[in-house]
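Notes for the one structure printed next.
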Amino acid sequence: MKENSSGKFSAAVNCPIRQVLDRFGDKWSILVVELLSGKGRLRFSEIGQHIGDISQKMLTVTLRSLESDGLISREIFPEIPPRVEYELTALGKSLVPHIESLTGWGVEHLDAILQNRKAYELRQKKTTY
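When you number the sequence shown by the UniProt record's numbering, it's gap-free, plus one each residue, and the end is 129.
Next comes the structure, spelled out in structure tokens:
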């Protein structure tokens, strides 16, 4: 990870690390990218069905954000009713190996993380009584 010239992360709005990580710090963006990576081109309703617990509003916000960053493309078909499909762009596809690496790490270490959470909760209960 690169640091800026002062050796610290910038608190400024234009900090490159914050600019990128803010997009993926939300609950849905990584799931949408991963889904489109595996399934290819999907309609709005199909994305919502695959993810399951996302509201239409949050799906709309997430798709617009990913589109504004150039990670997905949106194509509108002039039909009645209109059909809209989404797919990863080349930039979005270049992100997939990094997401897969992160999810692989998560799968590999999930048991340890869950054990640590449980131990932490037990320590918290002991100190509050």
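From the three backbone atoms N, C-alpha and C, an ideal C-beta is built for every residue, glycine too.
With 16 or more neighbouring CB atoms inside 10 Å of its own CB, S29 falls in the buried class. Contact between E85 and I72 is absent: CB atoms are separated by about 10 Å, not below the 8 Å threshold. DSSP links R123 through a beta bridge to no other residue. In this structure, DSSP gives I113 a helical state, which the three-state scheme calls helix. R18 sits away from R83, with the two beta carbons spaced by 8 Å or more. With respect to L95, V33 sits close: the two C-beta atoms are nearer than 8 Å. When beta bridges are read from the DSSP output, E67 appears opposite no residue. If you check the CB distance, L66 and H50 do not come in under 8 Å. Bridge pairing for V84: I76 [DSSP]. Taking D69 as the centre and dropping the five residues before and after it, the same chain places the C-beta of R23 closer than 7 Å to its C-beta, in chain order.
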